[in-house]
Amino acid sequence: MLTKTTHPDRAQLYADMSPHNLTPLWEVLHALVPQQPKTPCVPAHWKYDEVRPFLMRAGAAITAEEAIRRVLILENPALRGLSCITQSLYAGLQLILPGEVAPSHRHTQSALRFIVEGSGAYTAVDGEKTTMQPGDFIITPKWTWHDHGHEGSDPMVWLDGLDIPTIRFFDAGFAENDSRSSQEISKPEGASFAAYGHNMAPVRGDSPFGNTSPIFSYPYARTREALHTLERSEKMDAWDGFKLRYTNPLTGGSPMPTMQTFMQLLPPGFKGSPYRQTDGAVFSVVEGSGQALIESHHGSYTFEFSKRDHFVVPSWHTLRLLSQEGCVLFSYSDRPIQQALGIHKEERLVS
Ligand code: GTQ
């Protein structure tokens, strides 16, 4: 705009080249190559009390079968209409009612499920069913047939975390509907866990799902026990409390090539130190309550979170976690992609 008044000759140049799909770099260079990340994403908080009635209304408005997936997308308020919670990640809350089936399909997008409410529903992946309980972390590896069904008696809700925006960015997505609504079950429940979930692995054979974990289900009972044992035995981290990352047992790396998942316990009275990371993270509150204090170029935010709430902390936003009562938090981010590119950065600040 300055250019227009101070350099009319330049303004004329820009106008003349524009029909040829040309534009001068020097007008946008500072924004293209910023001195530090300046995401358009803003922090956001979805209270479960406010979201749940809409989920139940969706349950009355459409069946899982008709919807294919009956999901309310958690959209970043600054990116409405783009179906994303950060620039690279998708999040949604999926509802399945007793007796329903979400039909079988497969796609190049990787998916995680994090169980928020209810029990008795299953997800079937590659011929094996997994029954889901609150706090369980479930994987659907890319390009595997998967369908969901519910044999329990109460509504069941889980968080869907997918790399949809990343795959869209690369324009590399494929998808297929199955000819069957529910896939054929060829293995007993727990087969993959038996083969890979006990610090052991089959002697022969390749990883069944390439660079995705061969375990479909990481049950909360085990995660919780691990965190509570660490709480008694290890020194607490001043930023994270007690925080573990989920692993692919065959590699020690992330369970999915595009998404890393975490679970952390903040003991009662926790006052975390501030930190920021280049991977924006989506949080699901498993137990307890607390506060997320977030600061960035967008300003300051305070989220008072409680059980089953969700919130997003975008890239390079400074986060402090506090918890009077103590809490357990699940989270996921695109960290494995950033690590593969060698660009992941974390800064731990002192309060
Ligand atoms: O369950 O396969 O929330 O394909 C969005 C896209 C869930 C799924 C979503 C999907 C799924």
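In our numbering, the protein residues as written are 27 to 377. By construction, the Cβ of each residue, glycine as well, lies at the ideal position given by its N, Cα and C atoms.
If you look at residue 264, you'll find it isn't in any beta strand (DSSP E); DSSP assigns it neither H nor E. At the C-beta level, residue 144 and residue 118 stay beyond 8 Å of one another.
Counting only runs that start and end inside the stretch 155-240, the alpha helix (DSSP H) elements of at least 4 residues fall at 190-196 and 217-222.
Between residue 252 and residue 276, the gap from beta carbon to beta carbon reaches 8 Å or more.
Counting C-beta pairs with one atom in each stretch, the stretch 303-317 and the stretch 331-350 have three or more that are closer than 8 Å, which means they touch.
In this structure, residue 176 keeps its C-beta atom at 8 Å or more from the C-beta atom of residue 149. Distance from the Cα of residue 104 is smallest, within the candidate group 68, 73, 75 and 129, for 68.
Pairing residue 113 with residue 87, the inter-Cα distance amounts to about 30 Å.
Closest in alpha carbon position to residue 254, among 264, 293 and 282, is 293. Per DSSP, the unbroken beta strand (DSSP E) holding residue 141 starts and ends at 137-143.
Residue 61 sits exposed, since fewer than 16 C-beta atoms from the chains shown fall within 10 Å of its C-beta. The continuous alpha helix (DSSP H) containing residue 365 extends over residues 361-367.
In summary, residue 102 is buried, with 16 or more beta-carbon neighbours lying within 10 Å of its beta-carbon over all protein chains present.
Look at residue 52 here: in three-state DSSP terms it is helix. The beta carbon of residue 313 is closer than 7 Å to those of 333, 353 and 354 in its chain, skipping five residues each way along the sequence. Within the chosen limit of 7 Å, the ligand GTQ reaches the beta carbon of residue 133 through at least one heavy atom. A residue is called buried once 16 or more other Cβ atoms fall within 10 Å of its Cβ, and residue 359 is buried on that count. For residue 43, the secondary structure class from DSSP, reduced to helix, strand or coil, is helix. With the rule of 3 Cβ pairs closer than 8 Å, the stretch 115-131 counts as touching the stretch 82-97.
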